[in-house]
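Contents: one structure, followed by commentary.
Numbering (the numbering used here), first residue to last: 710 to 1009.
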């Protein structure tokens, strides 16, 4: 009996992959789930689904019989020479009409492109002005400045119980120390599992910070902004980004070519803009849509 085994993010995805390979439908197969999927928590401990999909015996016989019938009927269905000639003429006429339509579309596209180029400079200027405004608005909110002004803050605030509950469900043991820093609530995270809570390039830390802000501000009242940090990751990352900004600025001046950075979140893009806002030779702007929005460093 013919069968395949496939992995997938869930059972349905794995089954669909198997059906595609077998060229069969669900009523023609028997499905056995070998391993159930698991999403884990924030991507930690996630597992794929594994299924075995077997063709039923009657489906295999039917498929074999269809191949034989198709071979027997091939000669009966072959077109004669006159039909082939007529088809060739029809195809040539259709190709000619298609070519005429393509030529007309090309003329229209050229006109549209000319109009697009006329407005390109205006869009770029608007994007650039927005980035400069953002960098000035956030220039006084660096992590280092926030850390310097922090003072102890009561642990009874709703953020701490939420964070303890989340990390316990993730299977990690961490300590949380809250501070009041300017208009922020700054929470320092410590413990042996800080690497797990930070994640790749701070992605896990950013995700939990976003959820914490939602929980803390779910009720109406004065908005409170939470910043989570672990092992001084935010400060170290900020310094790394500033060094990267200056290095790419020098490269842009040397090569006289624009430099594109990898996609970043709004805070990290702000660090790049701020680092180069007073540079006399280069300017910065952002392009694309989140989460793929990135900073461009280019000559003034």
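Backbone N, C-alpha and C define an ideal beta-carbon position, used for all residues, glycine too.
None of these values were measured; they are calculated from a predicted model.
Notebook entry, point to check: Which stretch, first to last residue, makes up the beta strand (DSSP E) that contains residue 884?
Noted result: Taken as a continuous stretch (DSSP letters only), the beta strand (DSSP E) holding residue 884 covers 884–890.
Check: Buried or exposed: where does residue 783 fall if 16 or more other Cβ atoms within 10 Å of its Cβ makes it buried?
Finding: Because the pLDDT at residue 783 is just 43, under 50, the model does not fix this residue reliably, and the point stays unresolved.
Notebook entry, point to check: From what residue to what residue does the beta strand (DSSP E) around residue 940 run?
Noted result: For residue 940, no beta strand (DSSP E) segment is defined, and its DSSP state is neither H nor E.
Note to self: What does the Cβ neighbour count give for residue 792, buried or exposed, with the cut at 16 atoms within 10 Å?
What the structure shows: Bear in mind that the predicted position of residue 792 carries a pLDDT of just 48, short of 50, making it too unreliable to give a figure here.
Next item on the list: Pick helix, strand or coil for residue 734, following the three-state DSSP scheme.
Entry: Reduced to three states, the DSSP call for residue 734 is coil.
Next item on the list: Helix, strand or coil for residue 1011, going by three-state DSSP, please let me know.
Entry: Because the chain is modelled from 710 through 1009, residue 1011 falls outside the range shown and cannot be assessed.
Next item on the list: Compute the beta-carbon to beta-carbon distance between residue 867 and residue 925, rounded to the nearest angstrom, for a pair I have assumed lies under 8 Å.
Entry: 6 Å
Next item on the list: May I have the straight-line CA-CA distance separating residue 977 from residue 764, to the nearest angstrom?
Entry: Note on geometry: alpha-carbon atoms of residue 977 and residue 764 lie some 53 Å from one another.
Next item on the list: Give the secondary structure of residue 912 by DSSP, where H, G and I count as helix, E and B as strand, and everything else as coil.
Entry: Three-state DSSP puts residue 912 in a helix.
Next item on the list: May I have the straight-line CA-CA distance separating residue 715 from residue 894, to the nearest angstrom?
Entry: 47 Å
Notebook entry, point to check: At which residue ranges does the stretch 924–977 contain complete alpha helix (DSSP H) runs of 4 or more residues, listed in the order of the chain?
Noted result: Entirely contained in the stretch 924–977, the alpha helix (DSSP H) runs reaching 4 residues are, in chain order, 942–964.
Next item on the list: Would you tell me roughly how many angstroms separate the C-alpha atoms of residue 859 and residue 890, rounded to the nearest one?
Entry: 4 Å
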